[in-house]
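A.B. asks: This is the structure I want to talk about, given as structure tokens.
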Amino acid sequence: IEGLPSNLDGTKLVVQWKRKDKVMSTQPSKVLQGTAEFEETLTHRCLVYGSKHGPHRSAKYEVKLFLVYASPVDAPWLVL
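Read in full-length UniProt numbering, the sequence shown has 11 at position 11, and its numbers run on one by one without any break.
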């Protein structure tokens with residue numbers, strides 16, 4: 001994450017992915033000179049349904065809402 005305010009330097013941030021009751025989180029990363037680097041990749045799998053029948057042989061994806069956000073470890077209620 002780049003372009004963070006200088007008053008966040010030294011703060012530890014986490015990135016979280018949330019959907020319904022499932023939450024995934026990175027390990028904390030310290031902000032240095034307005035940048036926080038994360039070495040992890042958060043992965044979520046979803047299903048896509050395909051049909052061989054009909055004129056278009058279409059694929060269908062069921063939309064599922066989720067939220068990705070960064071927040072300080074010491075103040076998780078503060079979303080950046």
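For every residue, glycine included, the Cβ atom is placed at its ideal position computed from N, Cα and C.
In chain order, what residues of the same chain lie with their CB nearer than 6 Å to the CB of L4, ignoring the 5 residues before and after it?
C.D. replies: In the sequence shown, counting from the first residue as 1, residue 4 sits at position 4. Only V31, G34 meet the Cβ criterion.
A.B. asks: From the DSSP output, read off the bridge partner residues of G50.
C.D. replies: One-based indexing of the sequence shown puts residue 50 at position 50. Answer is A59.
A.B. asks: With DSSP collapsed to three states, give me the class of L4.
C.D. replies: One-based indexing of the sequence shown puts residue 4 at position 4. If DSSP states are grouped into helix, strand and coil, L4 belongs with coil.
A.B. asks: Apart from the five residues on each side of it in sequence, which residues of its chain come closer than 6 Å, Cβ to Cβ, to W17?
C.D. replies: By 1-based counting over the sequence shown, the position of residue 17 is 17. Cβ within range, chain order: M24, L42, V68.
A.B. asks: Nearest to S6 by alpha carbon, out of V63, A36, A70?
C.D. replies: To locate residue 6, count along the sequence shown from 1; it is residue 6. For S6, the nearest C-alpha among the options comes from A36.
A.B. asks: How many Å lie between L13 and D74 at the Cα?
C.D. replies: Here residue 13 refers to the residue found at position 13 when the sequence shown is read from its first residue. Here residue 74 refers to the residue found at position 74 when the sequence shown is read from its first residue. Spanning the two alpha carbons is a distance of roughly 9 Å.
A.B. asks: For the beta strand (DSSP E) containing P72, name the first residue and the last one.
C.D. replies: Locating residue 72 in the sequence shown gives position 72, counting from the first residue. Its beta strand (DSSP E) spans residues 67 to 72.
A.B. asks: Determine the direct distance from the alpha carbon of H53 to that of E39, and round the result to whole angstroms.
C.D. replies: On the sequence shown, position 39 is the one that residue 39 refers to. On the sequence shown, position 53 is the one that residue 53 refers to. Going by the C-alpha atoms only, they are around 43 Å apart.
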